[in-house]
Amino acid sequence: MKKIITVMMCLIMAVSMLAACSNDGGKPKGSVSTDGSTSMEKVIGGLGEAFQNNTGITFTYNPTGSGSGIKAVQEGRCDIGLSSRDLKAEEKEAGLTGTVLAYDGIAIIVNPENPVSDLSLETIARIYTGEIKNWSEVGGNDAEIVLIGREAGSGTRDGFESITDTEDACKYRQELTSTGDVITTVSQNPGAIGYASVASVKSSVKAVNVDGVAATEENIKNGSYVVQRPFVLVTKDNTELSEAARMFFDYITSSDANAIISAAGVVPAN
169 MKKIITVMMC LIMAVSMLAA CSNDGGKPKG SVSTDGSTSM EKVIGGLGEA FQNNTGITFT
229 YNPTGSGSGI KAVQEGRCDI GLSSRDLKAE EKEAGLTGTV LAYDGIAIIV NPENPVSDLS
289 LETIARIYTG EIKNWSEVGG NDAEIVLIGR EAGSGTRDGF ESITDTEDAC KYRQELTSTG
349 DVITTVSQNP GAIGYASVAS VKSSVKAVNV DGVAATEENI KNGSYVVQRP FVLVTKDNTE
409 LSEAARMFFD YITSSDANAI ISAAGVVPAN
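Position in the sequence shown counted from 1, then plus 168, gives you the numbering used here.
Below, the structure written as structure tokens:
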């Protein structure tokens, strides 16, 4: 009798294991971790959610900023780093590779109460270097211009300063650690000006045209909106991605992901 019970228990366990395998569908297990650019939150979040729902593989995103994300992948603390700027020569020499996922415009944002709706790239540079100090000098109200920007190491800051040729020359009133903080601060100060990823801009702020061109996906794609930068996936040379991370990387760089990338307000690179 005991032998029969033992056999029955073994059969039940075997059936349970088969059922578990069947329910799993043979899908690979594991997780994929990303770390870096806060500007990429919307696009990488959408891609991660779709990937996780389709595969069952756990996806995580740590919004620490481009510089921190690059360092994290270099130190092996994440699978894929996220940078909203191209890799620098020294980063490539340190054994990192950048793959462009998409192109994003950097919107120049002001408070909705500000009547200014168009600025030239040259004027933006003169504002941020402190040469132009009052909104009345560019057709606005008689009010001090309050310069809001990102912290050192931010990909958005690097992109903005490179495009406007203002590296190490900006006279920031505040240097904030996330795109969301910049948008919130500008929305609360009628005299403020800032910059943020086009994909992240909300109705609480107003994006001004640059040299008469609006910061739209179409204008980013055709190159007429000049304040734009790449969204980059950062991986480590000579270090093979896990199966889960490789699946995620291949998916988001394929044309299958383009609809999600476009829905996030940025232009797919592939």
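Think of the CB as a built atom: it goes at the ideal place given N, C-alpha and C, for glycine as much as any other residue.
Expected contact under 8 angstroms - CB spacing of residue i and residue j to nearest Å
{"i": "alanine 412", "j": "alanine 275", "result": "About 34 angstroms; that fails the 8 angstroms criterion."}
{"i": "glycine 323", "j": "serine 207", "result": "7 angstroms"}
{"i": "glutamate 343", "j": "glutamate 319", "result": "5 angstroms"}
{"i": "valine 400", "j": "valine 268", "result": "6 angstroms"}
{"i": "glycine 204", "j": "leucine 250", "result": "3 angstroms"}
{"i": "serine 252", "j": "glycine 327", "result": "6 angstroms"}
Sequence-distant residues of its chain with Cβ nearer than 7 angstroms to residue i (five each side left out)
{"i": "alanine 425", "result": "Leu215, Tyr419"}
{"i": "lysine 377", "result": "Residue identity differs from the one stated: residue 377 is asparagine in this sequence, not lysine. Excluding residues within five positions, the ones whose Cβ falls inside 7 angstroms are Ser285, Asp286."}
{"i": "glycine 244", "result": "none"}
{"i": "glutamate 259", "result": "Ile238"}
{"i": "aspartate 254", "result": "Gly266, Pro398, Val400"}
{"i": "glutamine 396", "result": "Tyr271, Asp272, Gly273, Ile274, Ile388"}
Boundaries of the alpha helix (DSSP H) in which residue i is found, first to last residue
{"i": "alanine 364", "result": "Unbroken run through alanine 364 is the beta strand (DSSP E), 360-365; no alpha helix (DSSP H)."}
{"i": "leucine 264", "result": "Leucine 264 -> not in any alpha helix (DSSP H); beta strand (DSSP E) instead, spanning 264-278."}
{"i": "valine 241", "result": "234-242"}
{"i": "leucine 215", "result": "209-223"}
{"i": "lysine 404", "result": "Lysine 404 -> not in any alpha helix (DSSP H); beta strand (DSSP E) instead, spanning 396-404."}
{"i": "aspartate 326", "result": "323-332"}
{"i": "valine 354", "result": "347-355"}
{"i": "lysine 168", "result": "Only positions 169 to 438 of the chain appear in the structure, and residue 168 is not among them; the question remains open."}
{"i": "arginine 414", "result": "411-420"}
{"i": "serine 430", "result": "426-431"}
{"i": "isoleucine 292", "result": "289-296"}
{"i": "lysine 389", "result": "385-389"}
Cβ neighbours of residue i in the same chain (closer than 8 angstroms, five flanking residues each side left out)
{"i": "threonine 297", "result": "Thr334, Ala337, Cys338, Lys339"}
{"i": "isoleucine 428", "result": "Val211, Gly214, Leu215, Ala218"}
{"i": "glutamate 348", "result": "In the sequence as displayed, the identity of residue 348 is glycine instead of glutamate. Once the five neighbours on either side are set aside, the close Cβ partners of glycine 348 are Thr206, Ser368."}
{"i": "glutamine 220", "result": "Thr226, Phe227"}
{"i": "isoleucine 351", "result": "Ile277, Gly362, Ala364, Ser368, Val369, Lys370, Ser372, Val373"}
{"i": "proline 283", "result": "Gly307, Gly308, Asn309"}
{"i": "glycine 321", "result": "Gly233, Ser234, Gly235, Ser236"}
{"i": "glycine 263", "result": "Gln242, Lys404, Asp405, Asn406"}
Residue i, buried or exposed, once every other Cβ within 10 Å from all chains shown has been counted against 16
{"i": "proline 280", "result": "exposed"}
{"i": "isoleucine 172", "result": "Only weak support is given to the placement of isoleucine 172: the predicted model assigns it a pLDDT of 43, under 50, and the value that follows is read from those uncertain coordinates. When all chains shown are included, isoleucine 172 counts as exposed."}
{"i": "serine 236", "result": "buried"}
{"i": "aspartate 405", "result": "exposed"}
{"i": "lysine 239", "result": "buried"}
{"i": "alanine 257", "result": "exposed"}
{"i": "threonine 291", "result": "buried"}
{"i": "aspartate 247", "result": "buried"}
{"i": "alanine 360", "result": "buried"}
{"i": "threonine 332", "result": "buried"}
{"i": "glycine 330", "result": "The displayed chain sequence assigns serine, not glycine, to residue 330. Exposed: under 16 other Cβ atoms inside 10 Å."}
{"i": "glycine 307", "result": "exposed"}
{"i": "threonine 407", "result": "exposed"}
{"i": "alanine 432", "result": "buried"}
{"i": "asparagine 387", "result": "buried"}
Bridge partner(s) assigned by DSSP for residue i
{"i": "threonine 202", "result": "Tyr229, Ile248"}
{"i": "glycine 316", "result": "Residue identity check: residue 316 is isoleucine in the sequence provided, not glycine. Answer is Gln342, bridged to isoleucine 316."}
{"i": "lysine 374", "result": "Val278"}
{"i": "proline 436", "result": "Ala270"}
{"i": "aspartate 286", "result": "Asn377"}
{"i": "asparagine 302", "result": "Glu312"}
Close beta carbons around residue i, own chain, < 6 angstroms, minus the five adjacent residues each side
{"i": "serine 355", "result": "Ser372, Val373"}
{"i": "proline 231", "result": "Thr206, Glu209"}
{"i": "arginine 294", "result": "Ile300"}
{"i": "proline 358", "result": "Asn279, Glu281"}
{"i": "phenylalanine 416", "result": "Val200, Phe219"}
{"i": "threonine 345", "result": "Glu319"}
{"i": "valine 434", "result": "Val211, Ala270, Asp272, Ala367"}
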